[in-house]
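First to last, the protein sequences are chains A and B.
With the numbering used here, letter number 662 in the first sequence gets 681, and the count goes up by one each step, no holes.
With the numbering used here, letter number 29 in the second sequence gets 274, and the count goes up by one each step, no holes.
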Amino acid sequence: MTEMSRNFSPVNTFCRMCDNHCAITVHRDVSGQISDIESYPDHPWNQGRICSKAGGAVEIVNHPDRLMRPLKKVGSGWKEIDLEQALDEIADRVGDLQSNYGPETMSVWKGEATSFNQQEDLAKRFCRALGTPNYLSVDSLCFCTREIGWSLVYGCWPKPDFRNSRCMILWGANPPAAHPPLTRQILKGRERGATLVVIDPRLSTIARQADIHVKPKPGTDGALAWGLAHQLIANDWYDKDFVKNYTVGFDKVAVYAKDFTPEAVEAQTGVPAQTVIKVAALMHQAGSRVAQYTGNGVEHYENGVNNTRAIAYLDALCGSFDMEGGSLQADGLGQQSLALYEEIPLQQLKRVDGEKFPVLHDFRQECNTMTALDAILTGDPYSLRGMIMTAANPVMTNPNSEKVRKALSALDLFVVRELFMTETAQLADYILPAATFLERTELYTYAAIQSVSMSTRVQSIPGVQDEYQFWHDIAHRMDFGEHFPWEDESVLNEWLLQSTDVDFKDLQNTSKAVQYQAIKHKKWQHRPLTTPSGKVEFASSYLVANGYEEVGEYKAPYYIRSPKPEYPFSLITGARNHLSYHSSYRGVGRFRAEVPGPQVEMHPDDADGSGITDGETVKLSSAIGSIEIPVKIVSRQEIIPGVLQATHGWKEANINVLTHDDILDPIDGFPVQKGVAVKVERIR
Amino acid sequence: MKIVTMDPRKCVACGHCENACAFHRTGDYDHRNSAISVNHYPDKSACIPMTCVHCRKAWCMEVCPAAAISRSADTDAVLIDANRCIGCKMCMLACPFGAINFDTEKLTCFKCDLCGGNPKCVQHCFPGALEFESEEAVPLANRNQHDNRLAVMFGRENND
Ligand code: SF4
Numbered sequence: 020m021t022e023m024s025r026n027f028s029p030v031n032t033f034c035r036m037c038d039n040h041c042a043i044t045v046h047r048d049v050s051g052q053i054s055d056i057e058s059y060p061d062h063p064w065n066q067g068r069i070c071s072k073a074g075g076a077v078e079i080v081n082h083p084d085r086l087m088r089p090l091k092k093v094g095s096g097w098k099e100i101d102l103e104q105a106l107d108e109i110a111d112r113v114g115d116l117q118s119n120y121g122p123e124t125m126s127v128w129k130g131e132a133t134s135f136n137q138q139e140d141l142a143k144r145f146c147r148a149l150g151t152p153n154y155l156s157v158d159s160l161c162f163c164t165r166e167i168g169w170s171l172v173y174g175c176w177p178k179p180d181f182r183n184s185r186c187m188i189l190w191g192a193n194p195p196a197a198h199p200p201l202t203r204q205i206l207k208g209r210e211r212g213a214t215l216v217v218i219d220p221r222l223s224t225i226a227r228q229a230d231i232h233v234k235p236k237p238g239t240d241g242a243l244a245w246g247l248a249h250q251l252i253a254n255d256w257y258d259k260d261f262v263k264n265y266t267v268g269f270d271k272v273a274v275y276a277k278d279f280t281p282e283a284v285e286a287q288t289g290v291p292a293q294t295v296i297k298v299a300a301l302m303h304q305a306g307s308r309v310a311q312y313t314g315n316g317v318e319h320y321e322n323g324v325n326n327t328r329a330i331a332y333l334d335a336l337c338g339s340f341d342m343e344g345g346s347l348q349a350d351g352l353g354q355q356s357l358a359l360y361e362e363i364p365l366q367q368l369k370r371v372d373g374e375k376f377p378v379l380h381d382f383r384q385e386c387n388t389m390t391a392l393d394a395i396l397t398g399d400p401y402s403l404r405g406m407i408m409t410a411a412n413p414v415m416t417n418p419n420s421e422k423v424r425k426a427l428s429a430l431d432l433f434v435v436r437e438l439f440m441t442e443t444a445q446l447a448d449y450i451l452p453a454a455t456f457l458e459r460t461e462l463y464t465y466a467a468i469q470s471v472s473m474s475t476r477v478q479s480i481p482g483v484q485d486e487y488q489f490w491h492d493i494a495h496r497m498d499f500g501e502h503f504p505w506e507d508e509s510v511l512n513e514w515l516l517q518s519t520d521v522d523f524k525d526l527q528n529t530s531k532a533v534q535y536q537a538i539k540h541k542k543w544q545h546r547p548l549t550t551p552s553g554k555v556e557f558a559s560s561y562l563v564a565n566g567y568e569e570v571g572e573y574k575a576p577y578y579i580r581s582p583k584p585e586y587p588f589s590l591i592t593g594a595r596n597h598l599s600y601h602s603s604y605r606g607v608g609r610f611r612a613e614v615p616g617p618q619v620e621m622h623p624d625d626a627d628g629s630g631i632t633d634g635e636t637v638k639l640s641s642a643i644g645s646i647e648i649p650v651k652i653v654s655r656q657e658i659i660p661g662v663l664q665a666t667h668g669w670k671e672a673n674i675n676v677l678t679h680d681d682i683l684d685p686i687d688g689f690p691v692q693k694g695v696a697v698k699v700e701r702i703r
Numbered sequence: 246m247k248i249v250t251m252d253p254r255k256c257v258a259c260g261h262c263e264n265a266c267a268f269h270r271t272g273d274y275d276h277r278n279s280a281i282s283v284n285h286y287p288d289k290s291a292c293i294p295m296t297c298v299h300c301r302k303a304w305c306m307e308v309c310p311a312a313a314i315s316r317s318a319d320t321d322a323v324l325i326d327a328n329r330c331i332g333c334k335m336c337m338l339a340c341p342f343g344a345i346n347f348d349t350e351k352l353t354c355f356k357c358d359l360c361g362g363n364p365k366c367v368q369h370c371f372p373g374a375l376e377f378e379s380e381e382a383v384p385l386a387n388r389n390q391h392d393n394r395l396a397v398m399f400g401r402e403n404n405d
């Protein structure tokens with residue numbers, strides 16, 4: 020072996036092509052270029068397996084279209100500028116904006132395309148140090164509904180223990196596409212005798228192995244959950260000891276559930292009454308070994324938080340909360356806090372979303388993006404003029420794309436850190452090249468196994484910063500460098516671990532995991548939950564105090580509540596493909612193999628009814644907007660009649676042109692991106 | 246010998262094995278370049294993976310007129326030597342599992358070579374439908390699944 024090639028020996032680190040952090044080995048060729056990615060055999064989370072997105076990182080990292088130099092908008096074109104100059108100019112302009120319009124005129128928007136575990140807290144830290152309460156993120160329309168819904172009931176979002184389960188219930192979740200490592204646990208659970216119930220209007224990938232595939236109409240999951248609760252209570256199948264000793268508000272739930280008879284549930288959801296009875300019986304037979312998981316499919320409706328609460332109640336009724344084979348109330352690592360919540364509380368400042376979503380703010384300390392975009396356009400409650408965005412692509416992912424484009428174009432200063440020239444980056448004043456996951460190090464906790472790992476920087480590209488370095492450099496150019504004292508992210512990682520029992524050195528240069536705490540169950544026996552009452556909250560006095568329903572009431576989605584004959588179909592968006600991560604990787608060479616382009620899936624009966632043929636391009640419209648998109652007629656089992664499905668992220672046919680930023684979940688402000696009332700028109 | 250075993254009870258036809266194999270062989274994600282293929286039959290609720298099982302008495306090897314097919318001394322895998330293959334497709338016809346494919350550019354047949362002993366498809370199978378294991382493990386795995394189901398029916402704990 021030559022001296023040179025020895026320098027490029029394989030590196031064990033972690034994949035971040037999605038947020039599952041599978042342990043991998045990265046190979047480089049003799050010139051040092053990243054050439055192949057293999058699974059690393061010895062990590063408890065991915066257990067020697069990876070998905071094919073991991074290998075695709077080779078193409079992303081080395082792609083000729085990757086942004087490598089800072090760009091400044093000059094007229095309608097771009098000019099390459101030096102990194103130091105770009106940082107100087109950005110810092111100056113942020114300072115000017117703030118002295119002219121107040122500190123809160125600035126905002127930071129965190130995306131997912133270069134995400135890492137410290138990203139959110141670093142961005143929040145930067146905001147607070149900058150003196151603005153306007154932290155925005157992609158979480159406004161992904162993840163928060165589930166996190167908040169479950170946390171309102173349990174003080175946390177518990178992790179399902181599929182492996183030891185007897186009955187696994189997936190609500191609007193498709194792990195093979197969105198969380199591949201969970202697929203392994205689910206199939207293992209099934210091999211060990213558990214029944215798999217998949218609740219999804221589509222035959223999702225995981226539904227292909229379901230013992231029972233339950234197909235509710237989009238957005239009616241809440242009614243189904245209440246129907247199951249009704250069965251458990253009416254048949255005396257609930258865990259009375261647990262309910263009596265560790266919960267509050269059961270009586271209210273018992274009263275509210277009464278109306279959700281199997282027949283009523285069938286009328287609302289389209290799920291046969293017999294199926295409701297059967298699933299409830301399976302849950303009963305499983306005892307406390309019922310493991311539930313809610314995916315992004317329960318979000319994107321105006322009743323998402325309450326639907327999630329209703330689903331969450333089932334764990335408590337089955338007595339499966341923090342039980343083996345049920346769910347785990349996972350303990351955190353206890354690393355140092357980065358977000359400056361206490362040091363710089365900023366209570367006195369009005370947030371740009373006008374305090375419309377206090378629950379979102381209480382749980383997440385972030386503002387709702389739909390409302391913030393309105394504020395940019397209307398100046399109400401005040402004008403938001405500056406934004407730094409870290410690899411988000413809201414033009415493709417937020418609802419009502421045309422409005423998003425208009426709002427972001429109206430900013431005085433719009434800075435985007437990105438890997439590629441996205442539809443959103445095109446609107447920026449400055450674009451800075453961002454580091455990929457192979458060009459930084461990140462500390463990551465696997466809550467479900469209470470373990471921590473740290474990724475290794477495989478390569479560095481001159482002029483391409485990791486995100487910590489970017490915040491650090493801007494902070495030091497302005498007057499709050501003291502809040503970013505760490506020399507680099509590795510020193511930061513070491514600092515983060517100081518409050519834990521984990522030794523930094525044990526995580527360095529390895530793809531191994533260190534378990535920071537052994538798994539224990541039934542912690543509720545001796546430790547109060549972090550809910551206001553310290554118990555499982557069927558009823559929430561906190562929500563009542565904020566003007567919301569005490570229990571997770573069901574409200575039918577708008578397309579059912581007030582149907583409009585001109586929009587006969589209900590459209591689902593936001594489902595995941597196996598080779599994409601949210602809107603990322605669309606159109607990058609080999610990723611096109613799986614789904615070569617945008618398409619809207621349709622049931623054969625619906626196609627027959629309108630004479631539409633497979634592959635035909637149609638006009639798809641909602642009350643918000645319309646696009647042209649080819650139809651894919653799927654098999655009868657793959658979608659329910661009257662429902663259409665299209666994934667987001669395609670610039671040729673951006674489905675979010677159709678979705679609603681004007682109908683929001685009143686609790687956390689999530690927009691309606693599923694169950695969108697649409698019509699289909701033939702073009703020819 | 247070790248082979249890639251396939252369990253349709255765990256396969257979800259996610260296609261990651263096909264992507265990985267195609268990429269390993271040709272540098273793209275075109276499933277036509279994959280030696281493993283997975284079929285999904287939505288109306289029957291069935292997902293069936295299929296790759297070469299490296300038959301002990303391999304009909305493809307016996308039928309090949311060019312003597313292009315041989316058994317690896319290292320892994321016992323049945324291998325096609327692309328340099329000797331004349332593209333006559335007799336092996337494709339002989340294989341009862343449809344596990345041999347035709348490369349329309351090189352005009353030769355190709356099949357699974359077990360990646361020299363660390364099959365990519367198995368690395369990329371999260372569901373665990375594919376395992377790289379010894380021939381003797383196959384009946385044991387089936388027996389284990391069957392036992393687990395009975396054990397659950399009887400209401401006992403099921404251990405590994
Ligand atoms: S699931 Fe796939 S993309 Fe996600 S971290 Fe694991 S290997 Fe990477």
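C-beta atoms are modelled at their ideal positions from N, C-alpha and C, and glycine is treated no differently.
Any heavy atom of the ligand SF4 within a distance shorter than 7 Å of the CB on residue i?
| i | result |
| --- | --- |
| A:PRO551 | no |
| B:MET251 | no |
| A:ILE13 | Coverage of chain A is limited to positions 20 through 703, which leaves residue 13 of chain A absent and any answer about it impossible. |
| B:ASN393 | no |
| A:ILE205 | no |
| A:HIS40 | yes |
| A:CYS161 | no |
| B:ILE259 | It should be pointed out that residue 259 of chain B corresponds to Cys in this sequence rather than to Ile. Checking the Cβ of B:CYS259 against the ligand SF4 gives no. |
| A:CYS37 | yes |
| A:ILE69 | yes |
| B:ASN346 | no |
Note down, in chain order, each residue of its chain lying with its Cβ closer than 7 Å to the Cβ of residue i, except the 5 sequence neighbours on either side.
| i | result |
| --- | --- |
| A:GLN469 | ALA349, ASP350, GLN534, TYR535, GLN536 and ILE538 |
| A:THR104 | A quick correction: the sequence has Gln, not Thr, at residue 104 of chain A. Around A:GLN104: no qualifying Cβ. |
| A:ALA767 | Not covered by the structure: residue 767 of chain A. The range shown for chain A is 20 to 703. |
Put residue i into one of helix, strand or coil per three-state DSSP.
| i | result |
| --- | --- |
| B:HIS299 | coil |
| B:CYS259 | coil |
| A:GLU22 | Since pLDDT at A:GLU22 reaches only 43, below the 50 mark, its modelled position is unreliable, and the value read off the structure follows with that caveat. Here A:GLU22 sits in helix by DSSP. |
| B:ALA322 | coil |
| A:TRP169 | helix |
| A:LEU683 | strand |
| A:GLN228 | helix |
| B:ARG254 | coil |
| B:TRP282 | One point to set straight first is that residue 282 of chain B is Ser, not Trp, in the sequence displayed. The answer is strand: DSSP assigns B:SER282 an E or B state. |
| A:GLY67 | coil |
| A:SER28 | coil |
For residue i, I'd like the list of residues in its chain whose CB is within less than 6 Å of its CB, leaving aside the five on either flank, ordered along the chain.
| i | result |
| --- | --- |
| A:PHE135 | GLU461 |
| A:LYS92 | ASP448 |
| A:CYS175 | GLN348 |
| A:ALA292 | PRO281, GLU282 and GLU285 |
Only counting the same chain, and skipping five residues up and downstream in sequence, which positions put a Cβ closer than 8 Å to that of residue i?
| i | result |
| --- | --- |
| A:GLN138 | LYS129, THR409 and GLU486 |
| A:PHE580 | Sequence check: residue 580 of chain A is Arg here, not Phe. These residues qualify, in order along the chain: LYS574. |
**OP:** Give, in chain order, every residue of the stretch 203-229 of chain A whose Cβ lies closer than 7 Å to some Cβ of chain B.
**Re:** Correct list: ARG203, LEU206, LYS207, GLU210, ARG211, GLY212, LEU222, THR224, ILE225, ARG227 and GLN228.
**OP:** Answer yes if the stretch 362-373 of chain A comes into contact with the stretch 582-602 of chain A, meaning at least three C-beta pairs across the two stretches below 8 Å, and no otherwise.
**Re:** no
Original post:
Is there contact between the stretch 549-564 of chain A and the stretch 641-654 of chain A, where contact requires at least three CB pairs shorter than 8 Å?
Top reply: no
Original post:
Taking any Cβ of chain B, which residues in the stretch 174-201 of chain A have a Cβ under 8 Å from it, in chain order?
Top reply: ARG185, PRO195, ALA196, PRO199 and PRO200
Original post:
Touch check for the stretch 179-187 of chain A and the stretch 305-317 of chain A: three-plus C-beta pairs under 8 Å?
Top reply: yes
Original post:
Along the stretch 335-367 of chain B, what residues have a CB closer than 7 Å to any CB found in chain A?
Top reply: none
Original post:
For the stretch 254-265 of chain B, which residues have a CB atom closer than 9 Å to at least one CB atom of chain A, in sequence order?
Top reply: ARG254, LYS255, CYS256, VAL257, ALA258, CYS259, GLY260, HIS261, CYS262, GLU263, ASN264 and ALA265
**OP:** Mind the definition here: the stretch 24-42 of chain A touches the stretch 491-510 of chain A only if three or more C-beta pairs lie below 8 Å; say whether that holds.
**Re:** no
Original post:
Does the pairing of the stretch 312-321 of chain A with the stretch 154-165 of chain A give three or more beta-carbon distances under 8 Å?
Top reply: yes
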